[in-house]
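A short worksheet on the structure shown next.
Residue numbers (the working numbering): 313 to 386.
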């Protein structure tokens, strides 16, 4: 599943904390870069002025709620 989100610098710690609890891979696609969503430094190094595509193949209720809060209308 791929979801479009918008992050701020203040939300990075919570985002990485939630993704780290998941037992499946979660990637963030930004331009031509792919970043591990469980990596604080990787996520923090992104440009927060643009929307990000989050790709994952599992299910976690806390992750779904967080992505719903961060979702960007397409």
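Glycine included, each C-beta is placed from N, C-alpha and C at the ideal position.
Leaving aside the five residues that flank residue 369 on each side, the residues in its chain whose CB is nearer than 8 Å to its CB run, in chain order, 313, 336 and 337.
Rounded to whole angstroms, the separation of the alpha carbons of residue 339 and residue 345 is 10 Å. Following the DSSP letters along the chain, one finds residue 339 inside the beta strand (DSSP E) bounded by residues 338–342. Sorting 352, 332 and 367 by C-alpha distance to the C-alpha of residue 317 places 367 at the top. Distances from the alpha-carbon of residue 385 to those of 351, 372, 363 and 374 put 363 closest. Going by DSSP, residue 364 is part of the beta strand (DSSP E) stretching over 364–368. In this structure residue 320 is exposed. Its beta-carbon is surrounded by fewer than 16 other beta-carbon atoms within 10 angstroms.
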